[in-house]
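FYI, the numbering for the sequence shown is 78 to 211, going by this note's numbering.
We put the CB at the ideal spot given by N, CA and C, even for glycine.
Computed from a predicted structure; not experimentally measured.
Here the structure is laid out as structure tokens; the discussion comes afterwards.
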Amino acid sequence: MVGYGRTWPGAVRTEVSLSHRPGSTGFVSDIARLERFGKPDRNGLALLITNEAGLWMPPKQDDTRDRDFRLHEGRTLPNPLLRGGGDYPANTRNLRGSFSLNWQPHSLQDGPGGEFRQLAVFTERQPSGLMIQS
Numbered sequence: 078m079v080g081y082g083r084t085w086p087g088a089v090r091t092e093v094s095l096s097h098r099p100g101s102t103g104f105v106s107d108i109a110r111l112e113r114f115g116k117p118d119r120n121g122l123a124l125l126i127t128n129e130a131g132l133w134m135p136p137k138q139d140d141t142r143d144r145d146f147r148l149h150e151g152r153t154l155p156n157p158l159l160r161g162g163g164d165y166p167a168n169t170r171n172l173r174g175s176f177s178l179n180w181q182p183h184s185l186q187d188g189p190g191g192e193f194r195q196l197a198v199f200t201e202r203q204p205s206g207l208m209i210q211s
């Protein structure tokens with residue numbers, strides 16, 4: 078996953094507007110991919126490390142097109158996840174599991190944007206013989 082947000086001195090700067098929250102859509106897609114391609118004897122892990130507080134803080138406005146994909150603290154991802162109320166089917170994601178989001182401190186760097194947090198989402202082992210349609 079690509080990093081989004083501010084940087085600290087000496088770091089490579091990658092900045093993307095969060096008006097579309099590209100990190101959250103990609104992260105949810107990673108969870109769906111882990112569920113789909115998981116092997117019967119293995120768990121999966123989607124890990125997001127970021128210094129963009131807008132991803133872990135509750136939204137100030139809830140009537141946005143990306144509301145299903147929000148990753149803020151304490152949220153449980155809905156199923157299915159629809160972008161824009163379902164008017165863009167290519168971005169619809171269906172998750173088999175139920176995922177509650179619990180952000181943890183990762184590191185603290187000097188300067189603005191120096192607080193990093195991590196979000197770990199574990200996918201469960203799949204029953205043997207389960208056929209998954211994509």
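Helix, strand or coil at residue i [DSSP, three-state]
{"i": "Glu112", "result": "helix"}
{"i": "Phe193", "result": "strand"}
{"i": "Pro166", "result": "helix"}
{"i": "Ser106", "result": "helix"}
{"i": "Leu132", "result": "helix"}
{"i": "Glu201", "result": "coil"}
{"i": "Gly100", "result": "helix"}
According to DSSP, residues forming a beta bridge with residue i
{"i": "Gln181", "result": "Gln195"}
{"i": "Leu124", "result": "Ala197"}
{"i": "Leu158", "result": "Arg170"}
{"i": "Thr141", "result": "In DSSP, Thr141 forms no bridge with anything."}
Cβ distance (whole Å) where residue i is taken to contact residue j below 8 Å
{"i": "Ala123", "j": "Phe146", "result": "That belief does not hold up - the Cβ atoms of Ala123 and Phe146 are roughly 13 Å apart, past 8 Å."}
{"i": "Leu132", "j": "Leu148", "result": "5 Å"}
{"i": "Thr153", "j": "Ser177", "result": "5 Å"}
{"i": "Asn120", "j": "Thr200", "result": "6 Å"}
{"i": "Leu125", "j": "Gln195", "result": "7 Å"}
{"i": "Thr127", "j": "Gly151", "result": "Going by Cβ atoms, the distance from Thr127 to Gly151 rounds to 17 Å, so no, they are not a contact pair."}
{"i": "Arg160", "j": "Asp139", "result": "With 8 Å as the limit, Arg160 and Asp139 do not qualify as a contact, their Cβ atoms being about 15 Å apart."}
Please confirm if the region 182-194 is in contact with the region 161-174, defined as three or more CB-CB distances below 8 Å between the two stretches.
Contact between the region 182-194 and the region 161-174 is absent, because fewer than three Cβ pairs lie under 8 Å.
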